[in-house]
Ligand SMILES: C[S@@+](CC[C@H](N)C(=O)[O-])C[C@H]1O[C@@H](n2cnc3c(N)ncnc32)[C@H](O)[C@@H]1O
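Residue numbers (the numbering used here): 625 to 827.
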């Protein structure tokens, strides 16, 4: 059996995220997660919301760890990872009620974030929601000193990484036919942003 990769941050943030998701996903039957990482969020959220099916996705290098977490958990409503690379590969022809992603927008390049919003629109059923968790700037400003330090570390690691502006994400959502519908403050200066695809019109 493969070793279980561990992301301690998921244990710290999962219950605050779950509280918001329980509300946002109360009528939802299917979720597509972008950038499932280790898979720890997926098994936790799927176990806590047995009325829906949680589909994981990742770049191929991370599939083994996600499979190991799913195999180790007795959670029938979580699915093995699909290949998803923002802007290049979406290995599914299905649509979903919700797309969820955590801590991906600051890891992807600006261009990849733009591609993710276009992909999300195609992945969502009419009326579906996009829930994006992470640290975000407000009007070009950091919301805390810790986010400024985090951002400097990201940019030192790779110049294309960095905390994104919430307003810029709203422009991307708007450009892809989605509207901001809710925003949750989360611990440690993070937020959960929620956009909705219209129920009717262009699908
Ligand atoms: C900081 S990790 C977050 C993982 C997990 N969602 C979490 O909160 O623990 C960022 C994830 O984004 C994925 N990622 C980075 N660039 C990507 C891209 N272009 N397309 C899809 N996923 C990407 C990485 O493989 C990584 O697992």
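Idealized CB from N, CA, C, for every residue including glycine.
{"Item": "Inter-residue CB distance, residue 691 and residue 704 (contact presumed, cutoff 8 angstroms)", "Value": "6 angstroms"}
{"Item": "heavy atom of ligand 1 below 8 angstroms from residue 787 C-beta", "Value": "no"}
{"Item": "Within 5 angstroms of ligand 1: residues by beta-carbon to any heavy atom", "Value": "631, 634, 659, 661, 683, 709, 710, 726, 727, 728, 731, 732 and 736"}
{"Item": "Helix, strand or coil at residue 699 according to DSSP, with G and I counted as helix", "Value": "coil"}
{"Item": "Touching by the beta-carbon criterion (3+ pairs, under 8 angstroms), the segment 785-801 and the segment 759-772", "Value": "yes"}
{"Item": "At least three beta-carbon pairs within less than 8 angstroms, the segment 661-678 to the segment 764-772", "Value": "no"}
{"Item": "Assigned exposure category for residue 635 - 16 Cβ within 10 Å defines buried", "Value": "exposed"}
{"Item": "Given residue 658 as reference, the closest of 693, 648, 650 and 726 once Cα atoms are compared", "Value": "726"}
{"Item": "For residue 733 and residue 707, the rounded distance between their alpha carbons", "Value": "18 angstroms"}
{"Item": "Host beta strand (DSSP E) of residue 739 (start-end)", "Value": "Segment 734-747 is the alpha helix (DSSP H) holding residue 739; no beta strand (DSSP E) there."}
{"Item": "Alpha-carbon spacing of residue 701 relative to residue 730, whole angstroms", "Value": "29 angstroms"}
{"Item": "Per DSSP, cross-strand counterpart(s) of residue 676", "Value": "According to DSSP, which records beta bridges pairwise, residue 676 is partnered with nothing at all."}
{"Item": "Whole-angstrom C-beta distance between residue 753 and residue 648, which should lie under 8 angstroms", "Value": "6 angstroms"}
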